[in-house]
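Read top to bottom, the protein sequences are chains P and X. Each residue of the first sequence is one higher than the one before, starting from 46 at the first, in the working numbering. Each residue of the second sequence is one higher than the one before, starting from 11 at the first, in the working numbering.
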Amino acid sequence: MRFEHPATFNPIDQLKVVGRPTSRIEGPLKTTGTAPYAYERHDVVTEQAYGYVVGSAIGKGRINAIDLAAAKAAPGVLAIVTAGNAGKLDKAERNPAPLLGGPEIAHYHQAVAVVVAETFEQARAAAQLVRVDYAPGDGRFDLAASRDKAFTPDPKIGGPADTAVGDFAATFAAAPVQLDATYTTPDQGHAMIEPHASIAAWEGDGLTVWTSNQMIAWGATDLAKTLGIPKENVRLISPYIGGGFGGKLFLRADVLLAALGARAAARPVKVALQRPLMFNNTTHRPATIQRIRIGADRDGKISAIGHESWSGNVKDGEPEVTVNQTRLLYAGANRMTAMRLSELDLAEGNAMRAPGEASGMMALEIAIDELAEKFGMDPIELRIKNDTQVDPEHPERPFSKRQLVECLREGATRFGWSRRNPQTGKVRDGRFLVGFGVAAAFRNNLLTKSAARVRLDRDGRVTVETDMTDIGTGSYTIIGQTAAEMMGVPLDKVVVRLGDSDFPVSCGSGGQWGGNNSTAGVYAACVKLREAIAQKLGFNSAEAVFADDVVRSGNRSVALAQAAGNDGITAEDAIEYGDLAKTYQQSTFGAHFVEVGVDADTAEVRVRRMLAVCAAGRILNPTAARSQVIGAMTMGVGAALMEDLVVDKRHGFFVNHDLAGYEVPVHADIPHQDMFFLDETDPMSSPMKAKGVAELGICGVAAAVANAVYNATGVRVRDYPITLDKLLDRMPDAA
Amino acid sequence: MTRVSFDVNGEPHQLELDTRTTLLDALREHLHLTGTKKGCDHGQCGACTVIVDGRRINSCLTLAVMHQGNEITTIEGLGSPEQLHPMQAAFVKHDGYQCGYCTPGQICSAVAVLDEIRAGIPSHVTADLIAPVRLSNAELRERMSGNICRCGAYSNIAEAIGEVAGRSA
Ligand code: FES
Ligand code: FES
């Protein structure tokens, strides 16, 4: 089905199932520990051996030699695979650095060997006996130091490196009110709780991998490419994924090493990346340096806005596209954005929840707060004053729906924003200085092809199959709701099967595109199934009504079970998009409100209240969507206050590479969270009229925290995370 | 290799194990009770939380052979999809999870936390060590802080536990 024109009334608009708060259909499995994750598939193949990964101990250089003798002789060892004995391996374009390193080492903890043994304990012990002789080389690990040598990249996503409208330089120089500030964001880790894990089994030339991956088709394609085997020979299965956040978008070392280990050991092999390897072995959100300049008239209207950003990556890696939202969020006739990239020898930087906007909004939304202060203007009013209903770089492109102002206003009322004291450091509650902060939320809505297969069985059951994944987003449930709505059956008559490369290729989970696109694909397949059923019954498909397990047309009605017949009826289709995303700018909006208390003596920051108001198209399942947003708000608190992969600039690695060293929010860090969705449908996005929310929820949160800390203390921190050492010597007198 | 026997969810088990095997791996890899999760294997995340003789522990931080004669309760022992434990049902109702990977550990911890509070065991934030412990928001969140949820379901988890404990979070 091609989606070329704005959606009109369709069966989804009945909202009998879609749009209703619905508990996750897989909830009873997840809460009883019976949902099977990748490493746990004792049920799929017997004789599974264990792989343990050896990571490079240097950040850059070469391997002179590897001595495997002691490891090979260790009890239980079945095979050891290194680049030296793995045979010829290719490299997928989506993996800039090889997943199995050697003799060249691209980054610290790049896998250099996998040791396969009968048991986990034996594999782990033998791995310690692998002797690698390294020749360390000179690496580049310091983003700030590399800034002068940065080049203009050619980004694959998010538009060109540079954009310009009007005369930014002259307008900024002449503006009566100017802000020029530089912000930094650190490297951050996905730190999903389930490590990357795979079980690989060969049967002749055929390879099956039970894994944990967000993008099944990418993973299968890239595994086949890396191994140099036909794609048809590879099957990936990933029904449950213990968190991804972008860290499981791509083929990773666990998959490849399980496959290679299984081939070498002639046994199925399971490999999980050890937690301490994950941060340097896989991808991370790259650090950025961002300079923002804004010029405004005396009445608060922005006349010039400029955003420059520097990030680093491995060779052939992408820049962090932090300037994206600045191209779209606020009005202003004169504009410039620019991204520069340095080649660094740390692990690959890549997508983490809201790549680009999450980091960009961390900087931009402090800048807006700073600008508002220069005017003595309320920061909400300043944002409202500079709202735009068109793409400011291309004013002929309106936003399909843009309720930023409404989100800010609704949030202000619900949060009690009027109680904020605009003077900093003035509100005291016991030991704590109290402050309020606000930030806009913004994230683009992306449209991408997605397919599904739907079957109606003789018992009236509807089964949906698509390689879409559920990484905690609620895909199982919203896909079930979509099929139930379309076919006129209750949700418990729908079976949803996901995450298998044998199923039609979906959009996968990433970029907050999963919800809208995958359900639109199911919608398309259901439209086809409805037509097939109507045709079989001799009904006019345009008139056929599917409701209450029955299909009706005129005065005829047939139970769906009966219509299916003994063989059932199957239909498959995909949603594909015309150019509505070109003619309209499709984005999601919100507003984040935060109250913090900052200990007047120790400068410890405690988040006391949080509220998000979001406008993101139709909300397919308010229960799961709300969870996505509060989860993203939680990650935003981490970005604001603690998350920081600290770079050892001499040896080139992230020092705090486990869950003790890399701090993420825990229960005690997060208060009760409120969140509210504005009523919205977006007919430009898809027949579902939905957009994404999972990434919108993080965009702006850290800045709202930063602005609240400023309001509480009068200390402006522009370098994340806002740890107490950055506040302590500038705190107001704790009289 | 050493022999060890213990009860898991009321059933006696006899295992012959490599002495290096953690309780977590004994459950997951030997007994195929994979409801208990491995998030870090280093005592940093809480995904492996089980209840041993009534107390919650990180099963990755203890060797299986240290548990001769113990009674171990895992997530599978609390309830089944057909018959959820009240805490499991509350997690479903309040959407106290997303990816589900930290969830068994959260639920085992939550069940044990309520027992700890009933037993009057103080925590880091308990102000009065003499009076009975009150299940305040701070108590709840402090006691659950060894269980990381990267999906960020904390607010909903607190609601779920609060409901089971008979109060709002
Ligand atoms: S697996 Fe035991 S605490 Fe993380
Ligand atoms: S539900 Fe995913 S880590 Fe908690």
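Don't be surprised by glycine CBs; every beta carbon is placed ideally from N, CA and C.
- Residue pairing by DSSP puts X/Arg13 in a beta bridge opposite X/Glu26.
- Counting only runs of at least 4 residues, the segment 412-485 of chain P fully encloses the following alpha helix (DSSP H) elements, listed from N- to C-terminal order: 424-430 and 449-460.
- For P/Val652 and P/Glu640, the gap between their C-alpha atoms comes out near 6 Å.
- Across the segment 674-706 of chain P, CB contacts with chain X closer than 8 Å involve Ile675, Gly676, Ala677, Met678, Thr679, Met680, Asp703, Leu704 and Ala705, in sequence order along the chain.
- Interface with chain X (8 Å Cβ-Cβ cutoff): P/Pro284 is excluded.
- The continuous alpha helix (DSSP H) containing P/Gly559 extends over residues Gly559 to Leu582.
- When the Cα atoms are used, P/Trp462 and X/Leu73 turn out to be separated by approximately 53 Å.
- Excluding residues up to 5 positions away in sequence, Tyr95, Ala119, Pro120, Gly121 and Val122 lie with their Cβ nearer than 8 Å to the Cβ of P/Gln167 in the same chain.
- With a threshold of 16 other beta carbon atoms within 10 Å, P/Leu773 falls short and is exposed.
- For P/Ser586, the secondary structure class from DSSP, reduced to helix, strand or coil, is coil.
- For X/Cys118, the shortest C-beta to heavy atom distance toward ligand 1 is 7 Å or greater.
- Identification of chain P residues near X/Asn166 by a Cβ-Cβ cut-off of 8 Å yields Ser672 and Ile675, ordered along the chain.
- Close to X/Leu94, with beta-carbon spacing below 8 Å, are these residues of chain P in chain order: Pro73, Thr76 and Thr77.
- Contact between P/Lys430 and P/Gly345 is confirmed by a C-beta separation of about 5 Å, below the 8 Å threshold.
- At a threshold of 7 Å, X/Gln108 counts as near ligand 2, since its beta carbon sits closer than that to one of the ligand's heavy atoms.
- Residue pairing for P/Lys105: DSSP places it in no beta bridge.
- In this structure, DSSP gives P/Leu123 an extended state, which the three-state scheme calls strand.
- Every unbroken stretch of the alpha helix (DSSP H) spanning 4 or more residues and falling wholly within the segment 262-349 of chain P is given here in chain order: 298-310 and 320-326.
- Closest option to P/Ser495, judged by alpha-carbon separation, among P/Tyr622, P/Arg428, P/Pro400 and P/Arg343: P/Tyr622.
- The beta carbon of X/Cys50 falls within 8 Å of a beta carbon belonging to chain P, placing the residue at that interface.
- The distance from the Cβ of P/Gly544 to that of P/Thr514 is about 5 Å, consistent with a contact at the 8 Å cut-off.
- Per the DSSP secondary-structure output, P/Ala158 pairs in a beta bridge with P/Val99 and P/Thr127.
- In the displayed model, X/Phe101 falls within a helix according to three-state DSSP.
- Not one beta carbon of chain P lies nearer than 8 Å to the beta carbon of X/Ile82.
- When the alpha-carbon of P/Ala341 is set against those of P/Asn278, P/Ala669 and P/Val222, the nearest one is in P/Val222.
- P/Met381 sits away from P/Gly745, with the two beta carbons spaced by 8 Å or more.
- Of all residues in the segment 105-121 of chain X, only Asp105, Tyr107, Gln108, Cys109, Gly110, Tyr111, Cys112, Thr113, Pro114 and Ile117 come within less than 7 Å of chain P when Cβ atoms are compared, listed by chain position.
- The chain-ordered list of residues whose CB is nearer than 6 Å to some heavy atom of ligand 1 reads X/Lys48, X/Gly49, X/Cys50, X/Asp51, X/Gly53, X/Gln54, X/Cys55, X/Gly56, X/Ala57, X/Cys58, X/Asn68 and X/Cys70.
- Note: P/Pro181 is bridge-paired with P/Gly106 in the DSSP secondary-structure output.
- Cβ contact annotation for P/Ala412 (same chain, cutoff 7 Å, sequence separation greater than five): Leu224, Ala226, Ile337 and Ile339, in chain order.
- The criterion of a C-beta distance shorter than 8 Å is not satisfied by P/Gly289 and P/Ile238.
- Taking 8 Å as the CB threshold, P/Phe165 lines the interface with chain X.
- If you draw a straight line from the Cα of P/Glu617 to the Cα of P/Met532, it is about 14 Å long.
- Not a single C-beta of chain P is nearer than 8 Å to the C-beta of X/Cys58.
- Sequence-distant Cβ neighbours of P/Thr197 in its own chain, meaning closer than 6 Å and more than five residues away, are Ala206.
- In this structure, the C-beta of P/Thr79 stays at least 7 Å away from each heavy atom of ligand 2.
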